[in-house]
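Be aware that the sequence shown starts at 10, since it is given in our numbering, and climbs by one per residue.
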Amino acid sequence: MGIFKRISLIIRSNINALIEKAEDPEKMLEQIIADMNENMREIKLQIARSMKDEKLLEHKVDENRKLTGEYENKALLALEKNSEDLAREALKRKKSYADITTSLETELDEQRKAVELLKTSYKALELKIEEAKNKRQVLLSRQKRAETRIDLTDTVSSINEQADLFDAFDRMADKVAKTEAMAGALAELDKATIEQKFEQLERDRSIDDDLKALKEKMKK
């Protein structure tokens with residue numbers, strides 16, 4: 010594919026559409042920019058070569074114009090010397106150089122147009138590269154914001170998980186507190202029962218003493 014066709018396709022390309030179709034938009038943009046920069050280098054070389062050819066053509070045009078004028082003067086000189094045959098030969102040479110000059114002027118005009126087209130394409134490609142770079146920057150910024158949102162979501166989820174964990178600890182603490190309260194109540198209950206038993210024993214011993222005393226009294 011010729012350089013002009015490649016440049017034309019690049020300039021007319023819709024970068025947004027290319028990004029949407031790409032599996033990896035960032036990688037796609039990097040490749041587009043790399044391809045454009047390569048084309049820029051090619052255009053620079055082509056412009057340099059074309060401008061060199063333009064200068065050579067200008068030199069040839071000037072040279073043949075000069076020869077055309079010289080042979081016209083030689084034809085006049087030959088006529089002044091009554092040498093019509095020599096004048097005729099000089100005019101033939103003049104016509105030959107004039108035809109060459111006309112052809113070279115046409116070629117030079119086309120060459121100048123080609124150089125201008127290359128320069129215009131170069132500027133258009135510069136703008137396209139700038140567009141691609143801006144798109145890449147926007148894409149990278151969006152990617153960074155998306156990653157930040159993901160990190161934030163993960164952080165919030167982690168906080169929520171920790172909150173759930175603390176809730177579980179609180180529930181466990183409540184359960185332990187209830188168990189402790191139940192154990193305390195049972196301990197108090199056991200203590201009260203033991204005290205009652207001892208009190209009963211004291212009462213029983215008092216009755217035994219009374220019974221013994223009564224028995225002793227009956228013996229008398």
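For every residue, glycine included, the Cβ atom is placed at its ideal position computed from N, Cα and C. Treat the numbers as computed from the prediction; the structure is a model and nothing was measured.
Cβ neighbours of Arg121 in the same chain (closer than 8 Å, five flanking residues each side left out) = Glu63
If you compare alpha carbons, which of Leu95, Tyr80, Glu81 and Ala133 is closest to Ile52?
-> Ala133
Where Arg154 falls, given that 16 or more other Cβ within 10 Å makes a residue buried = Taking a 10 Å sphere around the C-beta of Arg154, we find fewer than 16 other C-beta atoms and assign the residue as exposed.
What do you get for Ser150, buried or exposed, if any count of 16 or more other CB atoms within 10 angstroms of its CB means buried?
-> exposed
Rounded to whole angstroms, how far is the Cβ of Ile56 from the Cβ of Arg145, which I believe are closer than 8 Å?
-> About 26 Å; that fails the 8 Å criterion.
Just the Cα atoms here: how many angstroms apart are Arg102 and Glu81?
-> 9 Å
Curious, which full-length beta strand (DSSP E) runs of at least 3 residues does the region 100-141 contain?
-> none
Could you give the DSSP three-state label for Ser92: helix, strand or coil?
-> coil
Can you tell me the Cα-Cα spacing of Ile20 and Asn46, whole angstroms?
-> With a pLDDT of only 49 at Ile20, under 50, the local geometry of the prediction cannot be trusted, and no value is derived from it.
Classify Leu86 as buried or exposed, calling it buried when 16 or more other Cβ atoms lie within 10 Å of its own Cβ.
-> exposed
Below 6 Å CB to CB, which residues in the same chain sit around Tyr106 once its five sequence neighbours on both sides are set aside?
-> Asn73, Leu76 and Thr77
Can the beta-carbon of Thr129 be found closer than 8 Å to that of Val70?
-> no
Lys137 classed as buried or exposed, judged by whether at least 16 other C-beta atoms fall within 10 angstroms | buried
Kindly indicate which residue of Lys228, Glu211 and Glu114 has the alpha-carbon position closest to the one of Glu67.
-> With distances taken between Cα atoms, Glu67 lies closest to Glu114.
Measure the C-alpha to C-alpha separation of Ile159 and Leu148 and round it to an integer number of angstroms.
-> 16 Å
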